[in-house]
Every structure is written in C-alpha cells, then in structure tokens.
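**Student:** Below is a structure I'd like to ask you about.
Number of protein chains: 2
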Amino acid sequence: MPRRIASGDGKPRPATIKDVARHAGVSVATVSRILSGTYPNAPATRSKVMRAVRELDYVPNAHARGLAGVRPKSVAIVVNSVISPHYAHVAQGVHEEAARAGRLCIVGTTGGDLERELAAIQLMREEHAEAVILVGNVNPDEAYRERMAGYARALAAAGSQLVLCGRPPLGPDVPAIVVEYDNTGGAFAATSHLLSAGHKRILFLGRRSGYTTPESRVAGYRAALAAHGVPHDPGLEVDGARMVRREGYRMMRERLDAGPRDFTAVFASNDLIAAGAREALRERGLRIPEDVSMVGFDDLPPAADIDLTTVYIPHEELGRTAVRLALKSETPGASEHVLLGTHIVVRDSVCPNVGEASGPD
Amino acid sequence: MPRRIASGDGKPRPATIKDVARHAGVSVATVSRILSGTYPNAPATRSKVMRAVRELDYVPNAHARGLAGVRPKSVAIVVNSVISPHYAHVAQGVHEEAARAGRLCIVGTTGGDLERELAAIQLMREEHAEAVILVGNVNPDEAYRERMAGYARALAAAGSQLVLCGRPPLGPDVPAIVVEYDNTGGAFAATSHLLSAGHKRILFLGRRSGYTTPESRVAGYRAALAAHGVPHDPGLEVDGARMVRREGYRMMRERLDAGPRDFTAVFASNDLIAAGAREALRERGLRIPEDVSMVGFDDLPPAADIDLTTVYIPHEELGRTAVRLALKSETPGASEHVLLGTHIVVRDSVCPNVGEASGPD
DNA sequence: CTGAAAGCGCTTACAG
DNA sequence: CTGAAAGCGCTTACAG
Numbered sequence: 001m002p003r004r005i006a007s008g009d010g011k012p013r014p015a016t017i018k019d020v021a022r023h024a025g026v027s028v029a030t031v032s033r034i035l036s037g038t039y040p041n042a043p044a045t046r047s048k049v050m051r052a053v054r055e056l057d058y059v060p061n062a063h064a065r066g067l068a069g070v071r072p073k074s075v076a077i078v079v080n081s082v083i084s085p086h087y088a089h090v091a092q093g094v095h096e097e098a099a100r101a102g103r104l105c106i107v108g109t110t111g112g113d114l115e116r117e118l119a120a121i122q123l124m125r126e127e128h129a130e131a132v133i134l135v136g137n138v139n140p141d142e143a144y145r146e147r148m149a150g151y152a153r154a155l156a157a158a159g160s161q162l163v164l165c166g167r168p169p170l171g172p173d174v175p176a177i178v179v180e181y182d183n184t185g186g187a188f189a190a191t192s193h194l195l196s197a198g199h200k201r202i203l204f205l206g207r208r209s210g211y212t213t214p215e216s217r218v219a220g221y222r223a224a225l226a227a228h229g230v231p232h233d234p235g236l237e238v239d240g241a242r243m244v245r246r247e248g249y250r251m252m253r254e255r256l257d258a259g260p261r262d263f264t265a266v267f268a269s270n271d272l273i274a275a276g277a278r279e280a281l282r283e284r285g286l287r288i289p290e291d292v293s294m295v296g297f298d299d300l301p302p303a304a305d306i307d308l309t310t311v312y313i314p315h316e317e318l319g320r321t322a323v324r325l326a327l328k329s330e331t332p333g334a335s336e337h338v339l340l341g342t343h344i345v346v347r348d349s350v351c352p353n354v355g356e357a358s359g360p361d
Numbered sequence: 001m002p003r004r005i006a007s008g009d010g011k012p013r014p015a016t017i018k019d020v021a022r023h024a025g026v027s028v029a030t031v032s033r034i035l036s037g038t039y040p041n042a043p044a045t046r047s048k049v050m051r052a053v054r055e056l057d058y059v060p061n062a063h064a065r066g067l068a069g070v071r072p073k074s075v076a077i078v079v080n081s082v083i084s085p086h087y088a089h090v091a092q093g094v095h096e097e098a099a100r101a102g103r104l105c106i107v108g109t110t111g112g113d114l115e116r117e118l119a120a121i122q123l124m125r126e127e128h129a130e131a132v133i134l135v136g137n138v139n140p141d142e143a144y145r146e147r148m149a150g151y152a153r154a155l156a157a158a159g160s161q162l163v164l165c166g167r168p169p170l171g172p173d174v175p176a177i178v179v180e181y182d183n184t185g186g187a188f189a190a191t192s193h194l195l196s197a198g199h200k201r202i203l204f205l206g207r208r209s210g211y212t213t214p215e216s217r218v219a220g221y222r223a224a225l226a227a228h229g230v231p232h233d234p235g236l237e238v239d240g241a242r243m244v245r246r247e248g249y250r251m252m253r254e255r256l257d258a259g260p261r262d263f264t265a266v267f268a269s270n271d272l273i274a275a276g277a278r279e280a281l282r283e284r285g286l287r288i289p290e291d292v293s294m295v296g297f298d299d300l301p302p303a304a305d306i307d308l309t310t311v312y313i314p315h316e317e318l319g320r321t322a323v324r325l326a327l328k329s330e331t332p333g334a335s336e337h338v339l340l341g342t343h344i345v346v347r348d349s350v351c352p353n354v355g356e357a358s359g360p361d
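Just so you know, the protein sequences line up as chains H and E, in that order. Its first residue numbered 1, the first sequence is counted upward by one per residue in the UniProt record's numbering. Its first residue numbered 1, the second sequence is counted upward by one per residue in the UniProt record's numbering.
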C-alpha cells in the first residue's frame with residue numbers, strides 16, 4: 001500500500017516531485033533527470049529515487065510538465081459521432097497507434113454542429129494536443145476552407161498539427177496533413193463488377209451534391225459506365241440526405257412506388273444505405289441477388305450479416321497513418337498528402353443479368 | 001485574421017495572458033478575472049479585454065490553468081475497444097454529457113490488456129481528469145478488486161473520481177460511483193417471453209463463468225425457468241469464450257453437429273452471438289422464427305437487420321449518468337450506486353412452440 | 001554526475 | 001473594481 005502524503009489539514013494529497021526528492025535524499029533536479037531517463041545518472045541514486053517513486057505512488061503532474069515546456073502526450077480526434085461504424089473504426093486505429101506511442105487520446109464529438117466543432121478545437125488547443133485529427137465527409141465550400149485554414153494555422157503556431165482524414169487537401173499554403181482513401185477507384189471497381197455481370201441499368205443510391213464522399217463515389221460510378229460503353233442515365237442517380245440506413249430504405253421505397261422497376265442492379269453509396277434499400281426490396285418480395293443485384297461501400301459490420309459484396313476501406317489504417325504522420329513530422333505545421341487504396345470484397349449479392357428489367361429504350 | 005505574436009527569433013508563438021494584458025492596457029490579474037467571469041468588472045475594461053482576446057486569438061493554456069489550481073475540464077473513459085457497439089454507445093453518452101458540461105473527453109482503449117489499462121489510468125492521473133469511467137464486463141476476482149480499489153483511492157486522493165459502468169460495486173470502503181443496468185431482470189423478461197410462447201427447451205448461448213455480464217444473464221434465465229415451473233437442464237447452457245459473433249456461430253454449429261436438435265428456442269447472451277448462431281442455423285436450413293425461436297440482448301444495430309427480439313439496454317444513458325454523477329459529486333471519492341432498467345423489444349424472431357423438438361424425457 | 005535557481009502561464013489571496 | 005506578487009509542480013540551462 002503506497003503511503004500518501006498528508007497535507008497540513010490531514011487530507012491526503014498526491015505526492016509531488018519535492019516529496020520524492022526529500023524521501024530519496026536528493027534534489028528535485030535529480031529526480032526529474034532520472035525520471036526523464038535521458039541524462040547520465042549513478043545507479044545508486046537511481047534506485048533510491050525509483051524506490052521513493054514507488055513508495056509514494058508518485059505520478060508526475062502533466063500540467064506542470066506541460067508548462068515547463070515538455071511536449072504533451074496526447075493526440076486529439078474530432079468526429080461527428082463515435083457510434084458511426086466508420087468513425088469508430090478510424091478512431092480505433094488512432095487509439096492503437098497512439099497507445100503504441102505512449103500517447104493519450106482526446107476525442108471530441110460534434111454531432112455535425114459547427115459550434116461544437118469550434119469548441120472542441122478550442123479545448124484541444126488549450127490542452128496543447130500534439131495533433132488534431134478531423135475525420136469524415138464534408139461539403140468543402142468557401143466557409144469550410146476558411147475555417148480549416150484558420151484551425152491549421154492556429155494549431156501550427158501552437159506547435160501542433162492539423163490532420164484531415166478522408167477529406168480533400170486544402171491547398172499548398174495551408175499547413176495540414178491529409179490522409180485520404182480512394183473513393184473513386186473503389187466505386188469504379190464496384191460498378192465494373194456489376195457491369196461485368198451484364199447489368200446495364202444500375203441505380204446509384206445516395207448522391208449528395210457538394211459532399212466529397214458521395215460525389216467521388218458517383219464519379220467512379222460514371223467513369224465505370226463510360227469505360228464499359230454503357231450510356232449514363234442521370235435518372236438512375238438518386239439523391240439522399242444522409243448516408244444512413246433509413247435514407248436507403250426511403251430512397252428505394254420511393255423508387256419502387258414511383259413506377260415499374262427500371263434497374264437490375266443497385267450501387268449503394270455505403271453499406272448502411274444498402275441495408276436499408278434491401279429492406280425496402282424485401283417488403284416488395286424482391287430478393288438479393290436473385291431479383292436485384294447490389295453492391296455497397298465500406299465493408300463494415302452490416303455487410304457480412306446481409307452477405308453484401310462491397311468495397312473495403314482501410315478504416316483503421318487511416319487512423320493509424322494519421323497518427324504516425326503527425327507524430328513523425330518534427331516541424332509543426334507540416335504538409336503531406338497520402339492516398340490509401342480500396343478494394344472490392346465479393347460476397348453473395350450479385351447475379352448475372354438475365355435481362356428481365358426493362359430499360360426506357 | 002488574428003495577429004500572431006512574434007517571439008525574438010521571429011517565429012509566431014501563441015499569445016499569452018501577458019500579451020492580452022499589454023494589448024488591452026490592464027494587468028494580467030484583470031484579464032484573468034474577466035475571462036473567468038466570476039468577478040465584478042467594469043464594462044469598459046471588459047470590452048477592452050475581450051477585444052484584445054479576439055485580436056490576438058488568445059486561447060488560455062490549460063496546463064498553466066491546471067497548475068494554478070483550477071479544476072481541469074476533462075473526463076476520461078476506459079474501454080476495451082471503441083468499435084464494440086456497446087462501448088461505442090456508452091462512450092457516445094459520455095461525450096454528449098461531457099460536451100454539455102463543457103468538458104473534453106479522454107478515451108483510453110485497453111484491448112483487454114492489463115498493462116494498457118494501467119498505463120491509461122496512469123496517464124489520466126497525470127492529466128488530472130475530473131473523473132475516470134471504466135466500462136464493461138469483467139471477472140471480479142480478488143486481483144481485480146484490489147486493482148480497482150487502488151485506482152479508486154489514488155484518484156480520490158488526486159481530487160478525481162472513479163466510476164464503474166456496467167460493473168458490480170467494490171464494497172463500502174472503496175470510493176467509487178457505480179452505474180449498472182439490470183441484466184438479470186432483462187434476461188428474466190427475455191426468457192419469460194420464450195416460455196410464454198410455449199417453449200420449454202431453451203438453449204442459453206454464451207455462458208462464461210466468473211464474468212459478471214453473462215453470469216447475471218444466466219441467473220435471469222434460470223430464475224425465469226423456475227418461475228414458470230420449467231425444469232432447468234444444465235445441458236442447455238453452452239459456454240462461450242467471448243461475446244462476439246464468431247463465438248455464436250461456433251457454439252451453435254458445434255451444438256448442431258453434436259446430435260439431434262434438443263431445443264426449440266435460443267436465448268443468446270447478446271445480439272452478436274445471436275447473429276452468429278443465426279448464421280449457423282441457416283447453414284442447416286433452419287429458419288428463424290419458423291424452425292427455431294431466438295431472443296438476444298443489447299438491442300444494437302445487428303438486431304434490427306436480423307429482426308431479432310431482444311433486450312434493450314440504456315447504453316447511452318449509462319454514459320450520461322456516469323458523467324452526471326461524477327461531475328455532481330463535490331467531494332472527490334464519492335460512493336454511489338445506480339441501477340438502470342432494461343426492457344424487452346419485440347421484433348420477429350419468436351413463434352409459438354408447436355412441440356416439434358424432442359426433450360430428453 | 002548533482003544542486004540551486006529561473007521560468008513556463010496561469011489564479012488568487014492580499015492590499016488598496 | 002484593479003494591481004503587485006506569491007505560488008502551483010515541473011524542466012533545464014548554468015555552475016560545479
């Protein structure tokens with residue numbers, strides 16, 4: 001049982017470096033040096049000090065240490081929500097790499113609210129986090145770019161580093177590290193997979209104008225159509241408000257209600273949308289893949305449960321890379337751009353097209 | 001564009017309170033008081049100071065503030081992994097409540113590793129987190145109890161507070177807040193639901209001796225059998241190593257391989273296990289609920305996708321309550337015990353038993 | 001290899 | 001309502 005120091009009024013208070021020094025019969029400078037482990041020291045002194053540390057259950061005060069100029073041991077991540085599977089997996093990667101480097105993770109959630117994002121960044125600046133990682137889908141309009149440039153410069157000035165994860169770069173004059181993954185390539189592969197099975201009428205579910213993630217997936221979809229010489233019908237691109245299950249259900253439901261089915265396959269902009277769309281199809285007695293083929297994006301838990309062919313994103317690798325690059329860069333305010341690959345994962349949601357569905361031609 | 005202070009060597013450095021004071025023509029004490037907002041102050045002075053703060057983009061240094069004795073603005077949570085849906089939802093609740101209270105969240109992941117748990121707690125002590133929340137299933141043996149008692153006392157001594165979430169209390173002499181939910185009651189309701197549908201041979205999938213979560217669910221299962229006058233057959237309780245999908249698959253698969261089916265219904269100790277077991281059943285052509293009825297526990301995402309009747313746990317409420325109680329308690333090292341309710345959520349995974357399965361009698 | 005002392009950026013009695 | 005000064009617990013040149 002470690003002893004506790006009693007202050008004047010008898011209440012226990014945590015031991016300080018002074019207590020340790022007194023206990024070990026050395027100066028505080030010596031204790032500090034021995035604990036830092038980067039100075040030469042006499043073994044006898046060393047063991048005296050370590051013994052005192054153990055006996056007093058001494059834990060250094062991170063605030064004092066931070067004030068005295070030592071780089072703090074924390075990285076920060078800001079996400080919309082920690083229950084979104086994609087964010088959770090990226091965060092998991094961040095945690096792993098942070099733990100490996102002996103860093104603590106500060107996590108901020110915004111719920112998509114700008115006020116909360118600002119407040120989170122502010123608190124992280126106060127804490128002097130070594131890096132601040134922002135992740136996820138955004139609409140990179142002028143206001144967004146200015147906000148990010150402001151964050152980047154403020155963090156750099158404070159010796160920290162802004163990292164953008166799954167977002168586009170901000171431009172050469174903004175000090176930020178960017179870790180992206182290949183949305184367009186993945187969407188190209190997914191669409192090609194359907195095209196190779198003979199599908200020509202492929203519904204794209206979940207377009208959202210202005211937002212980087214769905215837009216780059218639509219781009220891959222269109223590129224694949226073009227590459228296979230299949231005409232592009234804008235009427236097959238369905239808009240969705242958010243990339244969630246319920247939206248997938250709504251979009252498919254409304255499509256089926258609107259008239260005779262004019263597609264044989266579906267490319268859902270993510271797995272959650274695929275799961276929702278699948279439910280709407282089943283309510284009409286349409287099975288996957290016998291009646292309709294479907295491909296998703298993300299390769300997150302729902303995909304395995306519904307046997308969905310989808311596109312794998314290196315979620316955790318994104319988080320690990322973000323931390324690795326941020327901690328590596330000696331100079332705060334570094335700029336770097338990394339693009340990680342994606343690939344298709346084949347399950348059982350695509351059948352060859354036997355030409356049932358009627359096109360508008 | 002905020003001005004940046006240039007230090008001697010020309011590199012920008014973040015503004016300090018001194019810069020603000022000089023810029024506003026007042027003393028640092030005045031700036032400090034105005035920013036704290038808890039002292040009387042002259043409106044004219046106030047606006048001068050706020051203007052300087054804005055123009056210099058001043059952010060207070062949390063380390064200096066912490067050192068000077070102000071309670072830090074962070075709560076900490078320690079979980080096995082952030083991608084486990086249960087942990088993620090509890091964490092979401094913690095974040096919400098923390099954000100509401102203007103606190104930052106420090107999140108530690110342990111991967112179930114004791115070394116990492118210890119390291120995380122240590123770092124959180126260094127950071128002087130206001131509360132440290134530990135969540136999840138454990139085997140509360142002597143070593144565990146001693147470890148927790150040590151954490152609790154060390155945190156209390158440092159003015160912080162240990163909170164146990166979904167874990168049993170440690171005893172009256174240990175300063176910890178405990179927020180539990182009703183596992184046994186939920187399991188009783190789930191089992192009763194199956195019994196009411198006429199099932200008598202109910203497989204319990206995922207017993208794990210010594211671990212609090214599965215053990216209290218088994219207890220509810222047994223209590224329900226007893227209450228309904230159905231004989232308890234220990235042979236219907238199947239052991240599982242971890243509460244994951246793959247284990248559910250393995251347990252069901254081995255059970256079906258071992259001989260003729262001797263149950264008409266399944267109570268899975270959580271939804272993931274239910275999803276895995278369902279897959280094994282389907283491989284044998286057994287459908288839910290036509291051939292086998294099934295009930296799970298958690299009411300997390302997989303449940304809706306597989307139409308599973310299950311037990312709802314107030315995951316997020318657990319996290320919110322943990323933070324609320326911890327921040328409320330003025331005296332660090334408070335003791336408190338809260339038990340939140342659970343309830344059954346009926347979907348489409350239970351049919352009346354028509355007496356197909358053969359019991360051992 | 002070790003110690004005495006300055007300083008990091010705040011807050012808060014203590015005076016006025 | 002405001003200012004001068006001590007002090008929080010460390011680290012690190014500066015001496016020796």
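We treat Cβ as the ideally placed atom computed from N, Cα and C, and that holds for glycine. Since we're looking at a predicted model, the values are computed, not measured.
#1: Quick check on F188/H: does DSSP put it in helix, strand or coil?
#2: What did DSSP end up calling M294/E once you bin it into helix, strand or coil?
#3: Quick check on the burial criterion: 16 or more other C-beta atoms within 10 angstroms. Buried or exposed for T331/H?
#4: Quick one: grab the DSSP three-state call for S7/H.
#5: Would a check of beta-carbon distances place E317/H closer than 7 Å to chain E?
#6: Any beta carbon from chain E within less than 7 Å of A197/H's own beta carbon?
#7: Taking all protein chains shown into account, do 16 or more other C-beta atoms lie within 10 angstroms of the C-beta of D9/E, making it buried, or fewer, making it exposed?
#8: Classify T213/E as helix, strand or coil using the three-state DSSP reduction.
#9: If you pair each beta-carbon of the region 153-168 of chain E with each one of the region 130-142 of chain E, do three or more pairs fall below 8 Å?
#10: With distance defined between alpha-carbon atoms, name the residue in R103/H, L194/H, R282/H and S47/H nearest to I344/H.
#11: Taking the DSSP output, what are the residues bridged to H343/H?
#12: Taking 8 Å as the cut-off, does the region 243-260 of chain H touch the region 268-276 of chain H (at least 3 CB pairs, one atom from each stretch)?
#13: What first and last residue would you give for the alpha helix (DSSP H) that runs through A303/H?
#14: With 8 Å as the C-beta to C-beta threshold (strictly closer), list the residues of the region 69-82 of chain H near chain E in chain order.
#15: Mind checking the region 114-131 of chain H against chain E and listing, in chain order, the residues whose C-beta falls within less than 9 Å of any C-beta there?
#16: First and last residue of the alpha helix (DSSP H) that includes D271/H?
#17: Compute the Euclidean distance between the alpha carbons of R222/E and S349/E, then round it to the nearest angstrom.
#18: On the DSSP bridge assignment, give the partners of D239/E in chain order.
#19: Three-state secondary structure (DSSP) at I83/H?
#20: Identify, in the order they occur along the chain, each residue of the same chain with its Cβ nearer than 8 Å to the Cβ of I34/E, setting aside the five sequence neighbours on each side.
#21: Less than 7 Å between the C-beta atoms of N353/E and H232/E, yes or no?
#22: The region 289-313 of chain H: which residues have C-beta closer than 9 Å to a C-beta of chain E, in chain order?
#23: May I have the straight-line CA-CA distance separating R253/E from T310/E, to the nearest angstrom?
#24: By how many angstroms is the C-alpha of E55/E removed from the C-alpha of R153/H?
#25: In the DSSP assignment, find the alpha helix (DSSP H) that holds I34/E and state where it starts and stops.
#26: What are the boundary residues of the beta strand (DSSP E) that G150/H is part of?
#27: Helix, strand or coil: how does DSSP classify S74/H here?
#28: Give the residues of chain H in contact with L56/E, contact being defined as C-beta atoms less than 9 Å apart.
#29: Considering G108/H, what are the terminal residues of the beta strand (DSSP E) in which it resides?
#30: Any beta carbon from chain H within less than 7 Å of Q161/E's own beta carbon?
#31: Just to confirm the assignment, what range does the alpha helix (DSSP H) spanning residue 367/H have?
#32: Does I106/H get closer than 7 Å to chain E when you measure Cβ to Cβ?
#33: So what does DSSP say about S349/E, is it helix, strand or coil?
#34: First and last residue of the beta strand (DSSP E) that includes I288/E?
#35: Leaving out five residues before and five after A91/E in sequence, what residues of the same chain have Cβ atoms less than 7 Å from its Cβ?
#36: Cβ atoms of L286/H and V238/H: under 7 Å apart, would you say?
**Tutor:** Taking the coordinates as given:
#1: In the first sequence, counting from the first residue as 1, residue 188/H sits at position 188. Residue state, collapsed to three classes: helix.
#2: Taking the second sequence and counting its residues from 1, one reaches residue 294/E at position 294. Three-state DSSP puts M294/E in a strand.
#3: As a working note, residue 331/H is residue 331 in the first sequence. T331/H is exposed by the Cβ-count criterion.
#4: In the first sequence, the residue the question calls residue 7/H occupies position 7. Because S7/H carries a pLDDT of 49, less than 50, the predicted location of this residue cannot be relied on, and no value is offered for it.
#5: Counted from its first residue, the first sequence places residue 317/H at position 317. So no, E317/H is outside the interface.
#6: Taking the first sequence and counting its residues from 1, the one referred to as residue 197/H is at position 197. With 7 Å as the cut-off, A197/H does not count as an interface residue toward chain E.
#7: Looking up residue 9/E in the second sequence gives position 9. With a pLDDT of 49 at D9/E, under the threshold of 50, the modelled position of that residue is not reliable, and the figure given next carries that caveat. With fewer than 16 other Cβ atoms within 10 Å, it is exposed.
#8: Counted from its first residue, the second sequence places residue 213/E at position 213. Of the three classes helix, strand and coil, the one that applies to T213/E here is helix, per DSSP.
#9: yes
#10: Your numbering for residue 344/H matches position 344 in the first sequence. Minimum Cα distance to I344/H is reached at L194/H.
#11: The residue labelled residue 343/H in the question sits at position 343 within the first sequence. For H343/H, which the question treats as bridged, DSSP gives the partners Y312/H.
#12: yes
#13: The sequence position of residue 303/H within the first sequence is 303, counting from 1. P302 to D305 is the span of the alpha helix (DSSP H), which, as asked, contains A303/H.
#14: P72, K73, S74, S81 and V82
#15: R116, A119, A120, Q122, L123, M124, R125, E126, E127 and H128
#16: Taking the first residue of the first sequence as 1, we reach residue 271/H at position 271. It spans D271 to E283 - the alpha helix (DSSP H) in which D271/H sits, taken as one unbroken run.
#17: For the purposes of this step, residue 222/E is taken as the residue at position 222 of the second sequence. For the purposes of this step, residue 349/E is taken as the residue at position 349 of the second sequence. Approximately 21 Å between the Cα atoms of the pair.
#18: The residue given as residue 239/E occupies position 239 in the second sequence. In the DSSP assignment, D239/E is bridged to R207/E.
#19: Residue numbering aside, residue 83/H sits at position 83 when the first sequence is read from its first letter. Three-state result, I83/H: coil.
#20: Along the second sequence, one-based indexing puts residue 34/E at 34. Once the five neighbours on either side are set aside, the close Cβ partners of I34/E are N41, T45, R46, V49 and M50.
#21: Here residue 353/E corresponds to residue number 353 of the second sequence, with the count starting at 1. Here residue 232/E corresponds to residue number 232 of the second sequence, with the count starting at 1. Result no, Cβ atoms of N353/E and H232/E do not sit closer than 7 Å.
#22: P301, P302, A304, D305 and I306
#23: Here residue 253/E corresponds to residue number 253 of the second sequence, with the count starting at 1. Here residue 310/E corresponds to residue number 310 of the second sequence, with the count starting at 1. Whole-angstrom Cα-Cα distance: 21 Å.
#24: Numbered from 1 along the first sequence, position 153 holds the residue referred to as residue 153/H. Numbered from 1 along the second sequence, position 55 holds the residue referred to as residue 55/E. Just so you know, the alpha carbons of R153/H and E55/E end up roughly 15 Å apart.
#25: Position 34 of the second sequence, counted from the first residue, corresponds to residue 34/E. Looking at the DSSP string, the run of the alpha helix (DSSP H) that includes I34/E is V28 to S36.
#26: The residue labelled residue 150/H in the question sits at position 150 within the first sequence. First-last for G150/H: E142 to A157, but that is the alpha helix (DSSP H), not the beta strand (DSSP E).
#27: Working through the first sequence from its first residue, we reach residue 74/H at position 74. Note: S74/H maps to strand in three-state DSSP.
#28: Stepping through the second sequence from its first residue, residue 56/E is reached at position 56. Per Cβ cutoff of 9 Å: no residues; L56/E is ~11 Å from chain H at best.
#29: Here residue 108/H refers to the residue found at position 108 when the first sequence is read from its first residue. Element bounds for G108/H: L104 to T109.
#30: Residue numbering aside, residue 161/E sits at position 161 when the second sequence is read from its first letter. By this cut-off, Q161/E is not an interface position.
#31: In the structure as shown, chain H begins at 1 and stops at 361. Residue 367/H is therefore absent and cannot be evaluated.
#32: As a first step, residue 106/H must be located in the first sequence, where it is residue number 106. Yes, contact with chain E.
#33: Locating residue 349/E in the second sequence gives position 349, where the first residue counts as 1. Reduced to three states, the DSSP call for S349/E is coil.
#34: Stepping through the second sequence from its first residue, residue 288/E is reached at position 288. Per DSSP, I288/E belongs to no beta strand (DSSP E) and is neither H nor E.
#35: Start at 1 with the first residue of the second sequence, and residue 91/E comes out as number 91. Around A91/E: I77, V79, V82, V107 and G319.
#36: Looking up residue 238/H in the first sequence gives position 238. Looking up residue 286/H in the first sequence gives position 286. Not in contact: V238/H and L286/H (Cβ atoms no closer than 7 Å).
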